[in-house]
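Visitor:
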Amino acid sequence: MDPRSEVLLRQAELFGGSALLAGLPADDLLGHLPQAAGWSWHAGDHARLDQRFAGRSAFDVTPPAALVETAVLFLPKSRELTAYLLDALAARLPGKLLYLVGEKRAGVERAAKQMAAYGTPRKLDSARHCQLWQVRVDNVPAAPDLNALAQRYSLPLADGSLDIVTLPGVFSHGRLDIGSALLLKHLDQLPDGHLLDFGCGAGVLGAVLKRRYPHSQVTLLDVDAFAVASSRLTLAANGLQADVISGDGIAAAPAELSAILSNPPFHQGVHTHYQASEDLLRQAARHLRKDGQIRLVANRFLKYPPLIEQHIGPCHTLADADGFRIYQAASR
1 MDPRSEVLLR QAELFGGSAL LAGLPADDLL GHLPQAAGWS WHAGDHARLD QRFAGRSAFD
61 VTPPAALVET AVLFLPKSRE LTAYLLDALA ARLPGKLLYL VGEKRAGVER AAKQMAAYGT
121 PRKLDSARHC QLWQVRVDNV PAAPDLNALA QRYSLPLADG SLDIVTLPGV FSHGRLDIGS
181 ALLLKHLDQL PDGHLLDFGC GAGVLGAVLK RRYPHSQVTL LDVDAFAVAS SRLTLAANGL
241 QADVISGDGI AAAPAELSAI LSNPPFHQGV HTHYQASEDL LRQAARHLRK DGQIRLVANR
301 FLKYPPLIEQ HIGPCHTLAD ADGFRIYQAA SR
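Going by the UniProt record's numbering, the sequence shown opens with residue 1, and the numbers climb by one from there.
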């Protein structure tokens, strides 16, 4: 059981009615709260919850429309995303109670101060290195317009600039990160066929690929609903068409790909988490056609070449700069 869920269950009587659990972990919590429903923006967590508690978890960037007596937000990593989620929940709870639960090291006390816009927050519990906060929504905010919260920036390229649209919570919100900038310099001579942007984020890589290889099919894949929405906005802003899908890792990718391009994630919340990246390297060959390529950027300290050599093929370093490396391999 996730420690945040354990803290909630110490006060289980507060959540015995129709409660919305936003950003909940994929554990047994819904089993202990039979009238509660979940709202997730992580495709993997949602799939696991739906498998165990069919029909009780929604996957979206906006909260479910059903009326509830209360709601709990499991603190996300991004402060901007926290603000959006709190407003989205508080707008549905006039005069009702809104709760926030999170790890101390994730900044739950700081986030609790954001709840002061609705009323007077108070700390109910502190255990398992987590805290539970409560506020009565006396000052009801307007339902937030997610698209209005998007940040936009122009990405200058040799063939003209691209407009990038990022939503709160998406990796490198409002700016181009160093690793992706390096990878964008090494997208030449990709094989014809179906290209995949794995861990697409705001769709920077996928948009560049579609414009540079207009006759290739391009798919963008991410585990996060906000990233998927951002990628769709980026493509639309540039008049580009590509497939954007959500899924939990490389297992959700199409088959017979000619190339996989990625700036793979290695953080989940405040925790270092290499599973998605390592699964990508272990399973990429199943999704690549014969002689299909994988090309990715990674922090120099990450020991990816042995995994690439073992599961895909000979690994070549195309670039080494600013603490990052570009690796390339072709499937056997």
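Ideal Cβ placement from N, Cα and C applies to all residues, glycine included.
1) Mind the definition here: the segment 119-128 touches the segment 3-16 only if three or more C-beta pairs lie below 8 Å; say whether that holds.
2) Going by the beta-carbon positions, is the gap between LEU155 and VAL204 smaller than 8 Å?
3) Alpha carbon to alpha carbon, how far is GLY17 from LEU167? Give it in angstroms, no decimals.
4) On the premise that SER331 lies in contact with residue 392, defined as a C-beta separation below 8 Å, what is that separation, rounded to the nearest angstrom?
5) Tell me whether the beta-carbon of LEU187 lies closer than 8 Å to the beta-carbon of ALA319.
6) Helix or strand or just coil, what does DSSP make of GLU256?
7) Taking only the alpha-carbon atoms, compute the straight-line gap between TYR304 and THR219 and give it to the nearest angstrom.
8) Taking ASP222 as part of the beta strand (DSSP E), name the residues at either end of that continuous run.
9) Between the C-alpha atoms of HIS311 and ILE294, what's the straight-line distance to the nearest angstrom?
10) Taking Cβ to Cβ, would you say TYR213 is nearer than 8 Å to LEU195?
11) Does the segment 64-72 come close enough to the segment 96-110 that 3 or more CB-CB pairs lie under 8 Å?
12) Are there 16 or more other CB atoms within 10 angstroms of the CB of ALA251, so buried, or fewer, so exposed?
13) Give every residue of the same chain whose Cβ lies closer than 6 Å to the Cβ of VAL108, excluding the five residues on either side of it in the sequence, and list them in chain order.
14) Is the distance from the Cβ of PRO64 to the Cβ of TRP41 below 8 Å?
15) Does ALA329 come out as helix, strand or coil in the three-state DSSP assignment?
16) For ALA91, tell me which candidate among LEU221, GLU6 and THR62 has the shortest Cα-Cα distance.
17) Let me know the secondary structure DSSP gives THR70 once reduced to three states.
18) At the level of alpha carbons, what is the spacing between ALA66 and PRO34?
19) For ASP45, is the classification buried or exposed, using 16 other Cβ atoms within 10 angstroms of its Cβ as the cut-off for buried?
20) Indicate the three-state DSSP secondary structure (helix, strand or coil) for GLY17 in the structure shown.
21) Per DSSP, which one or two residues make a beta bridge with CYS130?
22) In three-state terms, what does DSSP make of GLY239?
23) Is GLN139 helix, strand or coil when you go by DSSP?
24) Tell me the DSSP secondary structure of LEU81 in three-state form.
25) Which same chain residues end up closer than 6 Å to GLU309 when comparing Cβ atoms and leaving out the 5 residues on each side of it in sequence?
26) In the structure shown, what three-state DSSP assignment does LYS96 receive?
27) Cβ of PHE198 within 8 Å of Cβ of PRO144?
28) Start and end of the beta strand (DSSP E) containing VAL297?
29) When DSSP labels each residue in this structure, what does ALA22 get in the three-state scheme?
30) As an exercise, report each continuous alpha helix (DSSP H) stretch of at least 4 residues that is fully enclosed by the segment 167-227, in chain order.
31) Ordered along the chain, which non-local residues of its own chain (more than five positions away) have a Cβ less than 8 Å from that of ASN238?
32) Among ALA227, SER277 and GLN217, which one has its Cα closest to the Cα of PRO254?
33) Do VAL223 and GLY201 have their CB atoms nearer than 8 Å?
34) Compute the beta-carbon to beta-carbon distance between VAL137 and THR120, rounded to the nearest angstrom, for a pair I have assumed lies under 8 Å.
Guide: According to the data block:
1) yes
2) yes
3) 32 Å
4) Since the displayed the chain opens at 1 and closes at 332, residue 392 lies outside it and no answer follows.
5) no
6) coil
7) 24 Å
8) 217-222
9) 11 Å
10) yes
11) yes
12) exposed
13) LEU75, GLY102 and GLN131
14) no
15) strand
16) THR62
17) strand
18) 16 Å
19) buried
20) coil
21) GLU103 and ALA127
22) coil
23) Residue identity check: residue 139 is Asn in the sequence provided, not Gln. Looking at ASN139 - three-state DSSP - the assignment turns out to be coil, as it is neither helix nor strand.
24) helix
25) CYS315
26) coil
27) no
28) 288-299
29) strand
30) 178-184 and 204-212
31) LEU162, ASP163, ALA207 and ARG211
32) GLN217
33) no
34) Contact flag wrong, Cβ pair sits at about 11 Å.
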